[in-house]
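K.L.:
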Amino acid sequence: MLSALNLSASQVDPRSVLIVGGGVSGMQAALSLAALGVPVLLVEKNAHLGGQVMRLDKVYPTDHCAFCPAWSTAKACYESPLIKVVLHAELTGLSTDGEQALAEVTLRRPAIDPASCLFCGSCAEACPRKAVLRRDPIMTWDPALPPAMRIDEALCDKCGACAKACPVQAIDLGVKPVTVSVPVADVIYATGFAEPRPGEPEHAPEFGSGSHPDICTAMEFEAWHGESRGQDRLTTRSDGRPVRRVAFVQCAGARDVRHLPYCAAVCCMHAMKQARWLKRRQPDLDITLFYNDLRAPGAGQEAYVRAGEVEGIRLVRSRPGLVKEAGKLGIGLRYEDAATGSALGEHFDMVVVNGGLAQCPLPGHTPAASAGPLAPVTLACGFCAEPVDVAGAVIQGVATAAAAAMRRRSAESVGGDA
Amino acid sequence: MKYCLYCTCMGTLASSLKEEALRSALGPAVALKAVDRLCDNAACRKALEGMAFGPADTVVAAACSKGSRGAQALACLRSAAPGVRAELADIREACVWPGSKDSAGVAAQAADLVRMGFARLESAAPAEACPASGKGVLVAGAGPAGMAAASALAALGVPVTLAERRTSLGGMLNQLGTLFPRMESASSVKAALPLDGADVLLGTEVRGIVREKGGWSVELRSGAESKRASFGAVILALGGRPVLPGGKMRSGELKGVVSQMELDALLTAVEQGRKSADLLPADAVFVQCVNARDEEHNYCSALCCPTAVKNALRLVALKPEATVTVLNRQMVMPGVALEALYRKAMQSGVRFLHVDDMNALAVEGEGNVRAVRLPASAGAPEEVLKADMLVCSTPVAPAPASVELAEGLGLRMDAMRFIRGHEPAHPLESDAEGVFLCGSVRWPAFVDQAVEQGRAAAVMAARFLRENRMPMDEMPEEGPAASIRTALCSGCGRCVQACPHGACRLGEDGKSAVEAELCRRCGACAAVCPCKAAVLPGVPSTREILAALGVVAPTKRRLS
Amino acid sequence: MASSTDKKICVFACRFCSLLGAERAGRDRLPLPAGIRLMPVSCAGSVSADAVIQAFVNGASGVAVLGCHLGGCRHNDANRDEHVRLETLADLLEAVGIDRRRLLISWGTAHEAEQYARTMNDFAAELDTLPAMLPVAPASEKRPERPVPVLDEGVAAPAELRGKAAEAIRSGKAVLALSASSRGPVPALFRTEAELEALVCGVKYPLGKLAGRILRDRRTGAVQGTDDLALRASALACEAPLAVLCRACDARALKEQAALNQFPAEELCFIPEACSPEQVAACGCERPEWPGDAPSEAAPALPTDLAANAARWQKEFSRCVQCHWCRTACPVCVCPTCALDECAVLPAGMMPPSPLGYHLARAMHVADVCVQCGACQDVCPQGLPLLELHRAVARSLKARGYASGEGKASPMRAQRRLGDALGIAAPEWKSTGGKKA
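Here it is in structure tokens:
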């Protein structure tokens, strides 16, 4: 059930499991719990469910569309009577009032009410600054929800022309965040991952992501090269000239104690997927993948990598050193070739820097909060628990729901006996 | 009477598609009314003021697409006029918005879309409910995955039967001492999977799984005895089969050349004090990817690297003066926990050496293994590693029993004969309705993954029994299942072969029948049936195609 | 955009992918051809060849079937089957002069707005470049002079064949074959060796159809229908297993009927009658498969000139008087009532069904079971070269390694069992390690 923008304590079953994050893992956990008869409160900070998968163009190892299974899962969540979906909302704290665990949920309502918007476009026509957008610039889209216009906060000067033009009065430019406290029983975190951004400790500045448009992260590149843009040939992000040489640099900050000390488990395959899609569309493109250990452990993944190799993707076992803009030469890459140990340099038109993926924090999850006798049981699934790909996130989400439901049942039967 | 309600989306469509233009394109057969909006209950009631619909009347809402607010418009319409036979024609996203400047073309297109809506109404049939099956779950195989599945199902109160070919529970848990990545003991994991409430059949082989009404009929063979039992869902947890070194690295010829499993057993025995630490090697060389990632086993099992790291750590913990060298093509240690384990091994003095091709290694020794010679490579000269034990890491292959069952069920397998799930979004769901996969039947899984997958498969099976559809089928088509008009059916069986979900079957009368609870409304049966005996409401009907082309459907005539 | 609005395009769009692309293209207000008639389907695999034929017959300028990636179908690869059906249909369309480019088959490429818009605009633009389709005129042409491939009188069966039949009778079988009579050769059931005196061969007679009927009668325990009632009644009364003395094509037809569950395959027993070079030549037979059959002449290439094909078939179809004998004679037409009698494939204002739609739909209905025996063509009172249509389909399937009567799984059904599960062909092993040599 979707309750997009209103939430109050009385609407929430106090036996609910709170799931934080509506990506594949969170959605599957929610659907599983609901199927087992457990009420769920699913809190998602974005405008729709689906999480990072909705930003993917294709998924390995099948090379099929990512969004088709994701959006239908989202639709099932919206429609389930036992799942209360709250969008535009974040968990900001966990506490107890002595008997009941309370979750503090902050709702950040958008100025255009998605529940009322007809998507007729009158606001966009009226806006003098072109600040009203039809598409979400970050996420792709969610066909499970009616479309809604959105306002780009950076461009909007709150002149109010859009609100006047709206035929159904769906726009309130003065809307403020609201925080409500709702009762919950247990918490499952499924907050997923984020790419390290410049300035964050996980981000390795020497690999240049964020410093130049043609040095991009994996997700930036996904949005750039994806089929959703409908471009035949790859062009640079900086000036739109055709790309002839592109490099994928793996472990650029990951498996590095200074930045991201672990392996994010999915980047090798993700880079390979992007490389193969590029090669398929543009066979003359020169594609090189610089890797440390090429990790393709899952079902069908080794065959996938082999196929890429056969298709002509150059694989170089190496340790990356530096990625930097090199003027007319494009983007320079310095690396240490692992076979010879020698330091080498090459130039590319575009470089995709895979700096690992950072596990998202678990808001409100403090040792103190989980220690008290009345504190809710907290579990985590998906990438925030352990780096996983889509298949792993699905399995983890369902398995974590199983653990929560089993614990719930045994607690209830103990309570029943007493 | 045919009514068309043209929703102008608060007037925003009115300039591109004029009411009059649509009316003249539709002709006199359809009564057209333009309204402000339909996707709001109050507005819809207002729009319908003064209108009354009889049972013979049909209404098409010419509005936006179903995914926009069309579904809502239809719901409002049905609540404002209960019992009305109404359909949606998407004239906003599919016609006005992408439309050209050619307003006559837009009107003609809109009129056809409206007529197609009427055609759909004419060929629609009433919905029917699917009954629940109410049977239990069979878990085949009692390794970690199967035990986890059965344990979870029992804890969730779902009737479950666990069948194991061997006479003991646990599978690989009985052979492994310590498990990565948390280095806990296998027996503690086994103990954490209680089977209270599950029906456990040891020494029982699962054979011949065949579909029956409302589930699966399974032959359970115990010794010479064989019986059939019925289940609503089946979880395949038959595990894998470790590939043996098979003469590679002079195994079987030289003493001291062992498999990773044999080392595991030795370490466990020493840890438990059953064997002396003197038996442990002083200089161990681990060789990864033996019989793996080659032509025969063209894949990475992904659990040999962590196993090697685990055993290297155990070895240096038991015998700190021992040297351990792991020869690898690359270390596959993805994730937080495994990377930490890898790092710990490096800090403990375990040496990791990259070798491109394991076949280029020369194993030296007579009677006992003495050394391993590494060929020179671009970056390093030739090197000879002293070794009194050479440990081969080999991959995991599918178990013959799982291949046999999969073949019987017609499940897809990959080139290596692992059973395929619907990767990546529904990895544990097989092609057969109600058959789930976990553990190494789908891909080599280590104990943690197997337990996780077992639990997940258990919940999937419970979801299947409760909701009567595969969990991956989150967006079931509304409306009734396909059906066979028996009088027209020739019993040719084309639909049986074409149905991707095994819902069509030939009955005793030689005619096909659709099992409604298995039907997922794809319409493949209707597409292949030459006698038009198989029908699925919603598959574009003749009427709809004729309406799309602006052809007035003639009355049905038969010649013969 | 450039396409004129009277050029209608039927678009069958899978609700999981391309329907969303279409919806979003609308939301993004991307210009699309006004001729599009969008029909959501629950799976591309639900689009029958009939539906596509129906659209063309009723004036669609183009038909697009859009679905998920091959291998990515939510219905266990139902779209793979569809792919084979549509490719086969495209070959058939070409044979009658309809450009295959009018049928757009697109998997997994139209799920996003821009792709959908581009796909459809390119398709509409391409349709504009094609010459107009020829309408099918009402019956006007006379039957052409064409050699009749029937040796009317037949010849007395040679001793060897007679011996084989006698052997079958001695082993307790009843032999179904042709017998000389005052009316010429007629089918008969031989029970005694003495009766074999009248055995004739060298006649093209559809014994496969008759034998199939007899075996079906035995299964149902009653003689149904209107043909050969006396013989079938005596065959039903006789309990001896049946041996059919027939040509290779009749045997294939019986095997296909068994595969269509009309009777158990174990009940089939054949006494092969080899075809002479004259018979092979008269039928233009491409599949003389019995031992002793004369070899076939090199199969002529199918004419590929679309305009010529179109003009020729327009003439041929215009002669069709819709007597439906082709269907009645067909040994593998096993439906109790033919769906083509309903208005499945007719254009407005015509007697159902239209010749073009009827013959195309019939060729697709029997596509993978047709044994190319030519019975349809032999009985046609107007001399339509119907075997050519079936050969076009058979050649299309042969390119996929399939031929009827061989006991193989049809590629038009249950393809999913054959394909690689991940939709990725496993590459050849190139090198060890990550690095390419």
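Protein chains in written order, with the working numbering: chain A, 572 to 989; chain S, 8 to 567; chain U, -1 to 435.
Cβ coordinates follow ideal geometry from the N, Cα and C atoms, glycine included.
1. So if I threshold CB-CB distances at 9 Å, which residues from the region 75 to 88 of chain U count as touching chain S?
2. Whose C-alpha, out of G912/A, I590/A, V624/A and A970/A, is nearest the C-alpha of W642/A?
3. Interface residues of chain S around T949/A at Cβ under 9 Å?
4. Using the three-state DSSP reduction, which class does W288/U fall into: helix, strand or coil?
5. Kindly identify the DSSP beta-bridge partner or partners of Q623/A.
6. Measure from the C-beta of E21/U to each C-beta in chain S and report whether the shortest distance is under 7 Å.
7. Are the region 257 to 269 of chain S and the region 370 to 385 of chain S in contact at 8 Å, needing three or more beta carbon pairs?
8. Can you confirm whether G223/U, when its beta carbon is compared against all beta carbons of chain A, has any partner nearer than 7 Å?
9. Output needed in chain order: residues of the region 909 to 926 of chain A with a Cβ under 9 Å from some Cβ in chain S.
10. Quick one: grab the DSSP three-state call for D421/S.
11. Is there a Cβ of chain U sitting closer than 7 Å to that of C955/A, yes or no?
12. Determine, using beta carbons only, whether L412/S comes closer than 7 Å to chain U.
13. So with Cβ pairs under 7 Å, would you call A162/S a contact of chain A?
14. I'd like to know if S75/S contacts chain A, where contact means its C-beta is closer than 7 Å to some C-beta of that chain.
15. Here's a check: name, in chain order, each residue in its chain whose Cβ is nearer than 8 Å to the Cβ of I269/U, leaving out the five neighbours to either side.
16. What does the Cβ neighbour count give for T971/A, buried or exposed, with the cut at 16 atoms within 10 Å?
17. When you compare each of L360/S, A28/S and P402/S to E303/S by their alpha carbons, which one comes out closest?
18. To test your reading of the DSSP string, which unbroken beta strand (DSSP E) runs of 3 or more residues are found completely within the region 214 to 288 of chain S?
19. Under 7 Å, do R321/S and L274/S count as touching if we go by C-beta distance?
20. I want to verify the contact list: residues of chain S whose CB lies under 7 Å from the CB of V332/U, in sequence order.
21. Run down chain D in chain order and give the residues with a C-beta less than 7 Å from the C-beta of P868/A.
22. Tell me which residue opens and which closes the alpha helix (DSSP H) that Y649/A is part of.
23. Quick one: give me the first and last residue of the beta strand (DSSP E) that S889/A is part of.
24. I'd like the span of the beta strand (DSSP E) that includes E907/A, first residue to last.
25. Between which two residues does the beta strand (DSSP E) containing G57/U stretch?
26. What residues from the region 685 to 699 of chain A come within 9 Å of chain U, judged by C-beta to C-beta, listed N to C?
27. For the alpha helix (DSSP H) that W323/U lies in, which residues bound it at each end?
28. If we ignore side chains and look at the alpha-carbon of each, how far apart do K171/U and R189/U end up?
29. So is G898/A buried or exposed if we call it buried at 16+ other beta carbons inside 10 Å?
30. For M396/S, which beta-bridge partners are listed by DSSP?
31. Using a Cβ cut-off of 7 Å (strictly closer), state whether H561/A contacts chain U.
32. Rounded to whole angstroms, what is the Cα-Cα separation between A601/A and Q267/S?
33. At a CB distance below 9 Å, what residues from the region 32 to 43 of chain U approach chain S? Give them in sequence order.
34. DSSP beta-bridge partners for Y13/S?
35. Keeping to the same chain, check which residues put their C-beta closer than 6 Å to that of D248/U; ignore five residues upstream and five downstream.
36. For a cutoff of 7 Å on Cβ pairs, would you count A159/S as touching chain A?
P.N.:
In short, the structure shows the following:
1. Answer set for the region 75 to 88 of chain U: D75, A76, D79, E80 and R83.
2. Ranking G912/A, I590/A, V624/A and A970/A by CA distance to the CA of W642/A puts V624/A first.
3. Going along chain S, no residue has its Cβ under 9 Å from T949/A, so there is no contact; the nearest lies around 18 Å.
4. Judged by DSSP in its simplified three-state form, W288/U adopts coil rather than helix or strand.
5. According to DSSP, residue pairing for Q623/A in a beta bridge does not occur.
6. Output row for E21/U: interface = yes.
7. At 8 Å Cβ cutoff, the stretches touch.
8. Under the Cβ criterion of 7 Å, G223/U is not counted among the residues facing chain A.
9. Taking 9 Å as the Cβ-Cβ cut-off, the region 909 to 926 of chain A approaches chain S at A909, A910, T911, G912 and S913, given in chain order.
10. Assigned with DSSP and collapsed to three states, D421/S falls in coil, not helix or strand.
11. The Cβ of C955/A sits no closer than 7 Å to any Cβ of chain U.
12. Taking Cβ atoms only, chain U never reaches closer than 7 Å to L412/S, which makes this a no.
13. It does; some Cβ of chain A falls within 7 Å.
14. Yes, S75/S counts as interfacial toward chain A.
15. L159, K162, A163, A166, V173, A175, A241, V242, L243 and C244, listed in sequence order.
16. Buried: at least 16 other Cβ atoms inside 10 Å.
17. Nearest of L360/S, A28/S and P402/S to E303/S, Cα basis: P402/S.
18. Here the runs fully enclosed are 222 to 229, 232 to 238, 240 to 243, 247 to 249 and 264 to 266.
19. In this structure, L274/S lies closer than 7 Å to R321/S by Cβ.
20. Correct list: S497 and C499.
21. Of the protein chains in the structure, A, S and U, none is chain D.
22. Y649/A -> alpha helix (DSSP H) spans F638 to E650.
23. Counting along the chain, the beta strand (DSSP E) containing S889/A begins and ends at R885 to E896.
24. Looking at the DSSP string, the run of the beta strand (DSSP E) that includes E907/A is I902 to D908.
25. Careful: G57/U lies outside any beta strand (DSSP E) and carries neither H nor E.
26. Cβ proximity to chain U below 9 Å picks out F690 and G692 from the region 685 to 699 of chain A.
27. From DSSP, the alpha helix (DSSP H) with W323/U extends over W323 to A327.
28. Approximately 7 Å, taken between the alpha carbons.
29. G898/A should be labelled exposed.
30. Paired residue(s): A291/S.
31. Beyond the ends of chain A as shown, which are 572 and 989, falls residue 561/A; an answer cannot be given.
32. Each residue's Cα considered, the two are about 40 Å apart.
33. Answer set for the region 32 to 43 of chain U: A32, G33, I34, R35, L36, M37, P38, V39, S40, C41 and G43.
34. DSSP links Y13/S through a beta bridge to A41/S and A69/S.
35. Annotation for D248/U: L205 and G206 place their beta carbon closer than 6 Å to its own, counting only its chain and skipping 5 residues before and after.
36. Yes, A159/S counts as interfacial toward chain A.
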